[in-house]
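Beneath this line is the structure, given in structure tokens, with notes to follow.
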Amino acid sequence: MRKLTPQEIKTTRHEVAKYIRDNIKKGRYPGFLEIKKEFRIGLHTYFKDIAHAYKVAGLKYKRSNFWREKRIKKESIVKKAVIDLIRTENTKGIKLTRRRIESRVGIALFHYFKSLREAYKYAGVKFEPHFGPRTKEERKQTKRAILSYIKKKVKSERYFPDIHEIRREFHVGTDTYFPEGIREIIKKAGLKEERFSAFWGLEKERRLLKIAQHILEQQGYEIISKQNKTGPDIIIKKNGIIIPVELKAFRKNSYLPTRLVSRNPINQIKTYIRKLKSPFGIIITTAEGLHPRYKNKVPKNVKIWLHKDVIKIIPAESSFRKDLEFIAATFPNFNSETKIRKIRQEVIQYIKRCAKQNKHPITREIQKEFKINLASYFKDIFEAYKLAGVKYPEHKKRMSGRKSSKEEKKKIKTRIISFVKKRYNEGLPYGYNTIQKELKVAIPSYFSSMQEIYKRSRI
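The sequence shown finishes on residue 459 if you use the UniProt record's numbering, and the numbering steps up by one all the way, no holes.
Set out below in structure tokens:
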């Protein structure tokens with residue numbers, strides 16, 4: 001293999017940098033494989049990694065740009081397909097429902113349009129709810145059936161079905177029959193005093209958030225953010241230190257944690273402490289105490305404010321006391337835990353089936369398959385694989401967001417060097433693509449360039 005001169009490296013770098021700049025001006029972000037194909041080079045011979053190539057071009061590299069470009073392109077194609085389908089079927093006198101559109105195009109409509117009405121609006125076709133009015137008697141029968149279904153669920157399972165379940169069960173829009181929403185359903189079903197629905201679950205969370213905000217400010221903490229979708233419920237700051245806060249609205253006579261071990265609040269807050277690099281984290285809960293099993297297992301960097309601790313901070317005349325008692329007295333939804341166990345089992349079986357076919361789904365693929373957030377059911381992807389009795393592939397660890405330990409990196413480096421030496425002695429290919437394909441590793445994660453590998457292999 002001929003050694004490149006400094007001038008040749010400099011010239012190629014300049015050409016690659018110019019290619020990157022020209023493409024970005026057109027709104028495109030060339031990636032590793034595209035540059036490699038365009039210039040027929042091993043990119044790591046000239047740059048440390050793709051981010052370095054962008055830096056030489058005077059630009060900042062962001063992975064999100066590539067996903068954004070791909071997503072926008074896909075959205076425009078799917079939207080056009082839906083609009084064309086609605087228009088075509090309309091010329092035949094057929095008005096497609098949401099289910100039929102999703103079945104024909106193979107998508108979830110709400111990922112691309114706010115509603116079916118919006119899709120029809122973009123297609124320039126008049127939208128007719130339910131595509132044919134029902135008679136008064138039919139509407140009354142449906143209404144009675146919905147209320148009867150809810151009463152039965154409440155009586156037998158102590159569980160209040162949410163709006164989405166009612167829609168799936170009766171194939172109707174609940175707004176048509178109950179314009180005031182969940183409150184009207186509760187009232188007409190004679191369940192005004194019952195407190196165990198999805199609505200009350202959200203109400204409990206809302207009230208606990210208000211209480212937590214009040215007591216944290218009383219303690220001198222500054223609220224940075226709240227109700228994060230993918231992080232802690234509240235992030236606070238004091239003396240320049242960032243602290244995660246997790247809220248758990250449990251019944252007064254319940255223990256913490258009351259859920260599956262891998263999903264318990266202590267594990268959750270430990271994850272947020274690690275991500276935010278905080279010295280400690282806080283759990284604010286209305287639970288009465290800790291589960292006996294965990295009393296001596298709470299880490300020193302996790303502070304737990306139980307019902308008795310919270311009520312001491314709130315003044316006796318404050319309205320927050322009533323909110324606290326409301327949360328503590330609200331009946332829990334037992335059905336949710338049953339559902340969690342069921343989904344966990346389905347995910348485990350799915351991983352086992354895939355492993356038999358020599359496939360190893362990553363977090364994103366599992367979430368897409370089951371339409372869930374995996375973090376709500378398992379500690380991480382590694383726990384799911386462990387419970388399935390399947391070893392998680394080494395080459396996919398970098399895709400999961402988990403960093404390899406120093407010991408793991410050392411082992412992989414040794415494997416790569418041994419592989420190159422062996423192939424060299426046997427007269428077989430031992431280049432960049434061969435190493436990645438055979439060993440299933442990302443070379444940039446372990447070596448700065450191929451020259452470094454050859455140098456260490458002494459070839």
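Each residue gets a CB set at the ideal place from its N, CA and C atoms; glycine is no exception.
If you're wondering where the values come from, they're calculated on a predicted model, not measured in any experiment.
Return the Cβ separation of residue i and residue j in integer angstroms, given the expectation that the two are a contact with Cβ distance under 8 Å.
i: isoleucine 234; j: alanine 212; result: 6 Å
i: isoleucine 340; j: tyrosine 377; result: 6 Å
i: leucine 439; j: arginine 415; result: 6 Å
i: lysine 342; j: valine 302; result: About 30 Å separates the two Cβ atoms, so there is no contact after all.
i: threonine 174; j: arginine 167; result: 6 Å
i: tyrosine 221; j: isoleucine 236; result: 4 Å
i: leucine 59; j: isoleucine 24; result: 6 Å
Rounded to whole angstroms, what's the CA-CA distance from residue i to residue j? Just pull it up for me.
i: isoleucine 372; j: valine 310; result: 33 Å
i: glutamate 246; j: lysine 421; result: 52 Å
i: leucine 428; j: threonine 434; result: 10 Å
i: histidine 178; j: isoleucine 107; result: In the sequence on display, residue 178 carries phenylalanine and not histidine. Looking at the two C-alpha atoms, the distance is approximately 29 Å.
i: glutamate 15; j: lysine 48; result: 16 Å
i: isoleucine 150; j: glutamate 205; result: 23 Å
i: asparagine 335; j: serine 156; result: The predicted position of asparagine 335 is uncertain, since its pLDDT is 47 and thus under 50; a value taken from the coordinates is nonetheless stated next. Approximately 12 Å, taken between the alpha carbons.
i: tyrosine 40; j: glutamate 369; result: Checking the displayed sequence, the identity of residue 40 turns out to be arginine instead of tyrosine. Spanning the two alpha carbons is a distance of roughly 37 Å.
i: tyrosine 392; j: histidine 360; result: 7 Å
i: serine 76; j: arginine 28; result: 16 Å
i: isoleucine 215; j: valine 441; result: 50 Å
i: arginine 13; j: glycine 31; result: 15 Å
i: alanine 375; j: lysine 114; result: 26 Å
i: isoleucine 304; j: isoleucine 283; result: 5 Å
i: arginine 353; j: lysine 300; result: 41 Å
i: asparagine 358; j: lysine 295; result: 42 Å
i: isoleucine 314; j: leucine 276; result: 29 Å
i: lysine 405; j: phenylalanine 170; result: Strictly speaking, residue 405 in this sequence is serine, with lysine absent from that position. Going by the C-alpha atoms only, they are around 52 Å apart.
i: lysine 26; j: leucine 191; result: 60 Å
i: histidine 291; j: tyrosine 61; result: 47 Å
i: isoleucine 223; j: lysine 238; result: 9 Å
i: lysine 95; j: arginine 63; result: 41 Å
i: threonine 5; j: lysine 18; result: 20 Å
i: alanine 145; j: arginine 139; result: 10 Å
i: arginine 71; j: threonine 363; result: 19 Å
i: lysine 297; j: serine 318; result: 34 Å
i: residue 462; j: glutamate 346; result: Nothing about residue 462 can be read from this structure; the chain reaches only from 1 to 459.
i: lysine 437; j: lysine 74; result: 29 Å
i: arginine 259; j: lysine 153; result: Model confidence at arginine 259 stands at a pLDDT of 48, short of 50, so the residue's coordinates are unreliable; what they give is reported in the following sentence. Roughly 23 Å between the two C-alpha positions.
Can you name, in chain order, every residue of its own chain whose Cβ lies under 8 Å from the Cβ of residue i, other than the five neighbours on each side?
i: tyrosine 272; result: Gly231, Pro232, Pro244, Glu246, Ser278, Gly281
i: alanine 316; result: none
i: lysine 210; result: Phe320, Asp323
i: serine 448; result: His44, Lys48
i: threonine 423; result: The residue asked about is misnamed: residue 423 is arginine in this sequence, not threonine. Correct list, in chain order: Pro429, Tyr430, Thr434.
i: glycine 389; result: Lys352
i: serine 457; result: Ile417, Val420, Lys421, Tyr424
i: lysine 312; result: none
i: lysine 308; result: Glu288
i: valine 105; result: Val78, Ala81, Val82, Leu85
i: glutamine 218; result: Ile313
Cutting at 7 Å between CB atoms, please list the residues of its own chain near residue i, excluding the five before and the five after it.
i: valine 125; result: Ile86, Arg87, Asn90
i: leucine 109; result: Arg98, Ile101, Glu102, Leu116, Ala119
i: valine 172; result: Thr142
i: residue 462; result: Here the chain covers residues 1 to 459 and nothing more, so residue 462 does not appear.
i: phenylalanine 326; result: Arg207
Report all residues from its chain with a CB closer than 6 Å to the CB of residue i; omit the five preceding and five following residues, and keep chain order.
i: glycine 42; result: Tyr432
i: proline 444; result: Asp49
i: glutamate 203; result: none
i: lysine 226; result: Ile234
i: phenylalanine 127; result: Arg117, Tyr120
i: glutamate 184; result: Phe178
i: alanine 355; result: Val390
i: lysine 79; result: Tyr112
i: arginine 344; result: Tyr377
i: lysine 36; result: Leu43
Examine chain C for any beta-carbon lying closer than 8 Å to the beta-carbon of residue i, and answer yes or no.
i: cysteine 354; result: Absence of chain C from the displayed structure is noted, only one protein chain being present.
Query - Contact the stretch 48-60 vs the stretch 68-87: 3+ CB pairs below 8 Å - result: With the cut-off at 8 Å, the stretch 48-60 and the stretch 68-87 do not touch.
Query raised in the report: Between the stretch 406-424 and the stretch 374-382, are three or more C-beta pairs nearer than 8 Å?
Result: no
Query raised in the report: At which residue ranges does the stretch 268-323 contain complete alpha helix (DSSP H) runs of 4 or more residues, listed in the order of the chain?
Result: 307-313
Requested in this report: Kindly provide the ranges of any beta strand (DSSP E) runs that are 3 or more residues long and lie completely inside the stretch 27-81, ordered along the chain.
Outcome: none
Query raised in the report: Counting only runs that start and end within the stretch 206-253, where is the beta strand (DSSP E) found for 3 or more residues in a row?
Result: 222-226, 234-238, 241-248
Requested in this report: Report the residue ranges of all beta strand (DSSP E) runs contained in full by the stretch 135-190; include only those spanning at least 3 residues, in chain order.
Outcome: none
Report task. Ignoring anything shorter than 4 residues or poking outside the stretch 360-388, list the alpha helix (DSSP H) runs there in chain order. Result -> 363-370, 381-388
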